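Protein chains in written order, with the numbering used here: chain A, 34 to 306; chain B, 120 to 214.
C-beta atoms are modelled at their ideal positions from N, C-alpha and C, and glycine is treated no differently.
Just so we're clear, the structure is a prediction, and the values are computed from it rather than from any experiment.
Okay, so here's the structure we're looking at.
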Amino acid sequence: VTVGVVWVAFDGLRVAVRSPAREVLAEVRQAFRAMVVDGPQGGEGPPVVAELRVDRTADGYEVTGDGVPAPERGPLAEVRRAVRFHVTRTFVETRAERFWIHAAAAHRGGRALLLPGQRGRGKSTLVAGLARTGWRYLSDEAVPLDMADDHATPYPLTPQIRVGPGGALDAEAVAALGKRDVPLKRSVVCRAATRITEVVFVHYAPATTAVLTPMTPGEAALGLLESCLNFREHGARAIRYAADLARRVPAVTLTFGDVGAAVRLLDGGSGPG
Amino acid sequence: MNEGDSEHAVPRRAAGVIECALPDELLLHLPGSAVAITLNASARAVWELCDGRRSLAAIAGALAERFDAAAGEIPGAVRDAVQELVRLKVLEVAP
Numbered sequence: 034v035t036v037g038v039v040w041v042a043f044d045g046l047r048v049a050v051r052s053p054a055r056e057v058l059a060e061v062r063q064a065f066r067a068m069v070v071d072g073p074q075g076g077e078g079p080p081v082v083a084e085l086r087v088d089r090t091a092d093g094y095e096v097t098g099d100g101v102p103a104p105e106r107g108p109l110a111e112v113r114r115a116v117r118f119h120v121t122r123t124f125v126e127t128r129a130e131r132f133w134i135h136a137a138a139a140h141r142g143g144r145a146l147l148l149p150g151q152r153g154r155g156k157s158t159l160v161a162g163l164a165r166t167g168w169r170y171l172s173d174e175a176v177p178l179d180m181a182d183d184h185a186t187p188y189p190l191t192p193q194i195r196v197g198p199g200g201a202l203d204a205e206a207v208a209a210l211g212k213r214d215v216p217l218k219r220s221v222v223c224r225a226a227t228r229i230t231e232v233v234f235v236h237y238a239p240a241t242t243a244v245l246t247p248m249t250p251g252e253a254a255l256g257l258l259e260s261c262l263n264f265r266e267h268g269a270r271a272i273r274y275a276a277d278l279a280r281r282v283p284a285v286t287l288t289f290g291d292v293g294a295a296v297r298l299l300d301g302g303s304g305p306g
Numbered sequence: 120m121n122e123g124d125s126e127h128a129v130p131r132r133a134a135g136v137i138e139c140a141l142p143d144e145l146l147l148h149l150p151g152s153a154v155a156i157t158l159n160a161s162a163r164a165v166w167e168l169c170d171g172r173r174s175l176a177a178i179a180g181a182l183a184e185r186f187d188a189a190a191g192e193i194p195g196a197v198r199d200a201v202q203e204l205v206r207l208k209v210l211e212v213a214p
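Right under this line is the structure:
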């Protein structure tokens, strides 16, 4: 059996995802399209910080490997979700000095938006909408911030938006929705670390007019901490950084029901910065 | 009676609480907990007077000199703020 491999790269590191199943490799390539690199030539290349493996089982697939405490089994879509999670977790742990935040991010010109939001709040939909209108894409899921200078390193997972009936859904219903990829041209993907200039907490609310509501620095700091993916590693340092970032950059809540209206609102500038 | 009920109670900040000053607000965190809180300007003023020496009555008196509020409202507001901060474990009260 031939086992293929997909190399996923971030910030000078690589994770290898191996599988004998072509459909799995295709899904992984698609999930990390802008992060996939060629294999090492003659043993050279960035360090490999984890290896995952996906094998077929009688009724689906199974994920094993570094950082996977017990085999995770399921259909292809579930396996893709697990690989996406474990690869990201590996990079979060390996680049633990960053303040990793559950957020999307995009930049254009001198503006760079950090878009935190809980699951199902419209981060991916919004950042995909921004990318369609001239903004450069940094991430739709996890953003690593350098605490020394507020620079976000691109973590350009392929954006995925939920496919649903519209209308208000509770968290459980949101989690159960299927997802579809949003294809982005490579030229849209930002490759350089970019300093965050605005924080926009995203809140999708069906059938509402898009509106920006200023936040106090305290509200913003708490929101940043709630979305921090590696608070345990940083503790007090994360507290101080969230407060510092909230002092330095303006923060707003964006409530929207229509992504086009939300993008137009952000295009007009969201704050005093 | 709850901690912080008596006007003679003397609140003090819990050891190790991290304070981050923000414009008009204060961000607090107790290491080892998963909780961070922000205080608005009035709660911050109470917090800053909780030095382990002043009683609730003394804190209310100090705030009455500083703020233009009905004198009768301040002791109750101080007591409520202190009780909440004790509940969040960032203040301790010596009876």
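Problem set entry | Of the listed residues B:Ala-155, B:Ala-177, B:Thr-157, nearest to B:Ser-125 (C-alpha basis) | The shortest Cα separation from B:Ser-125 among B:Ala-155, B:Ala-177, B:Thr-157 belongs to B:Ala-177.
Exercise. Quick one: is A:Asp-182 buried, meaning 16 or more other Cβ sit within 10 Å of its Cβ, or exposed?
Worked result: Per the 10 Å Cβ criterion, exposed.
Problem set entry | Bridge-paired residues (DSSP) for A:Gly-211 | DSSP output for A:Gly-211 lists A:Val-196 as bridge partner(s).
For this session: Mind checking the stretch 255-276 of chain A against chain B and listing, in chain order, the residues whose C-beta falls within less than 7 Å of any C-beta there?
Result: Under the 7 Å Cβ criterion, the stretch 255-276 of chain A contributes Leu-255, Leu-258, Gly-268, Ala-269, Ile-272, Arg-273, Ala-276.
Exercise. Can you find at least 3 beta carbon pairs, one from the stretch 174-189 of chain A and one from the stretch 225-241 of chain A, that sit closer than 8 Å?
Worked result: Cβ pair count under 8 Å is three or more, so yes.
Problem set entry | Residues bridged to A:Gly-94 [DSSP beta-bridge criterion] | Per the sequence shown, residue 94 of chain A should be read as Tyr rather than Gly. According to DSSP, which records beta bridges pairwise, A:Tyr-94 is partnered with A:Arg-89, A:Gly-107.
Exercise. So, are the CB atoms of A:Cys-261 and A:Ala-269 less than 7 Å apart?
Worked result: At a Cβ-Cβ threshold of 7 Å, A:Cys-261 and A:Ala-269 do not count as neighbours.
Problem set entry | Residue-chain proximity (A:Pro-30, chain B), Cβ-Cβ < 7 Å | Nothing can be reported for residue 30 of chain A: it is not among the residues displayed for chain A, which extend from 34 to 306.
For this session: Check the Cβ-Cβ distances between B:Glu-211 and every residue of chain A, and say whether any is below 7 Å.
Result: Closer than 7 Å: no.
Exercise. Taking just the CA atoms, how far does A:Ala-129 sit from A:Asp-173?
Worked result: Their backbone Cα atoms lie some 19 Å apart in a straight line.
Exercise. Among residues of its own chain, excluding the 5 on either side of A:Leu-255, which ones have a beta-carbon nearer than 7 Å to its beta-carbon?
Worked result: Excluding sequence neighbours, A:Leu-255 sits near nothing in its chain.
Exercise. On the premise that A:Gly-162 lies in contact with A:Val-244, defined as a C-beta separation below 8 Å, what is that separation, rounded to the nearest angstrom?
Worked result: With 8 Å as the limit, A:Val-244 and A:Gly-162 do not qualify as a contact, their Cβ atoms being about 16 Å apart.
Problem set entry | Span of the beta strand (DSSP E) around A:Tyr-237 | Judged by DSSP secondary structure, A:Tyr-237 falls within the beta strand (DSSP E) whose first and last residues are 231-237.
Problem set entry | Terminal residues of the beta strand (DSSP E) in which A:Ser-172 lies | Where A:Ser-172 is concerned, the enclosing beta strand (DSSP E) stretches over 169-172.
Exercise. Of the residues that make up the stretch 137-162 of chain B, which ones have a beta carbon closer than 7 Å to any beta carbon in chain A?
Worked result: Per Cβ criterion, the list reads Ile-137, Cys-139, Leu-141, Pro-142, Glu-144, Leu-146, His-148, Pro-150, Ala-155, Thr-157.
Exercise. Taking all protein chains shown into account, do 16 or more other C-beta atoms lie within 10 angstroms of the C-beta of A:Gly-98, making it buried, or fewer, making it exposed?
Worked result: Classification for A:Gly-98: buried.
Exercise. What residues in its chain sit with their C-beta under 8 Å from that of A:Gly-45, if we drop five residues either side in the sequence?
Worked result: Excluding the 5 residues flanking it on each side, A:Gly-45 has same chain C-beta neighbours closer than 8 Å at Pro-79, Pro-80, in chain order.
For this session: Kindly list, in the order they appear in chain B, the residues whose Cβ is closer than 9 Å to that of A:Pro-250.
Result: Those within 9 Å of A:Pro-250 in chain B are Leu-141, Pro-142, Asp-143, Glu-144, Leu-146, Thr-157.
For this session: Find the residues of chain B that neighbour A:Ala-279, judging by a C-beta separation of less than 7 Å, and give them in chain order.
Result: Within chain B, the residues near A:Ala-279 are Leu-141.
Exercise. How is A:Ala-59 classed by DSSP in three states: helix, strand or coil?
Worked result: Collapsing the DSSP output to three states places A:Ala-59 in a helix.
Exercise. Going along the chain, which residues of its own chain have a beta-carbon closer than 8 Å to the beta-carbon of A:Ser-280, five neighbours each way excluded?
Worked result: It is Arg, not Ser, that sits at residue 280 of chain A in the sequence shown. Within the same chain, A:Arg-280 has close Cβ partners Pro-250.
Problem set entry | Which of helix, strand or coil DSSP assigns to A:Pro-189 | Reduced to three states, the DSSP call for A:Pro-189 is coil.
Exercise. Cβ atoms of B:Pro-130 and B:Val-201: under 7 Å apart, would you say?
Worked result: The answer is yes: Cβ separation under 7 Å.
Exercise. Are the stretch 102-117 of chain A and the stretch 151-167 of chain A in contact at 8 Å, needing three or more beta carbon pairs?
Worked result: Counting Cβ pairs under 8 Å, fewer than three are found: no touch.
Exercise. Taking just the CA atoms, how far does A:Glu-95 sit from A:Pro-104?
Worked result: If you take the alpha carbons of A:Pro-104 and A:Glu-95, they lie about 6 Å apart.
Exercise. Taking only beta-carbon atoms, is A:His-184 less than 7 Å away from chain E?
Worked result: As a matter of chain content, chain E is missing from the structure shown, whose protein chains are A and B.
Problem set entry | Helix, strand or coil at A:Asp-44 according to DSSP, with G and I counted as helix | A:Asp-44: coil per DSSP, three-state reduction.
Problem set entry | A:Ser-157 and A:Pro-192 closer than 7 Å at C-beta | A:Pro-192 is positioned such that its CB atom lies closer than 7 Å to that of A:Ser-157.
Exercise. Around the C-beta of B:His-127, are 16 or more other C-beta atoms found within 10 angstroms, so that it is buried, or is it exposed?
Worked result: That one is exposed.
Exercise. When you compare only the Cα positions, how much space is there between A:Gly-211 and A:Thr-242?
Worked result: Cα to Cα, the separation comes out at about 26 Å.
Exercise. Among A:Arg-144, A:Ala-164, A:Phe-264, A:Ala-67, which residue has its Cα nearest to the Cα of A:Gly-301?
Worked result: Closest option to A:Gly-301, Cα to Cα, is A:Arg-144.
Problem set entry | Residue interval of the beta strand (DSSP E) (run including A:Phe-264) | First-last for A:Phe-264: 264-267, but that is the alpha helix (DSSP H), not the beta strand (DSSP E).
Exercise. Which partner residues of A:Pro-177 appear in the DSSP bridge assignment?
Worked result: BP columns for A:Pro-177 point to A:Trp-133.
Exercise. What does DSSP give as the partner residues of B:Asp-170 in its beta bridges?
Worked result: In the DSSP output, where bridge partners are listed per residue, B:Asp-170 has B:Arg-131.
For this session: Check whether the Cβ atoms of A:Leu-287 and A:Ala-275 lie closer than 7 Å to each other.
Result: Between A:Leu-287 and A:Ala-275, the C-beta gap is not smaller than 7 Å, which leaves the two residues out of contact.
For this session: Along the beta strand (DSSP E) that carries B:Ala-153, what are the first and last residues, could you check?
Result: Counting along the chain, B:Ala-153 falls outside any beta strand (DSSP E), and DSSP gives it neither H nor E.
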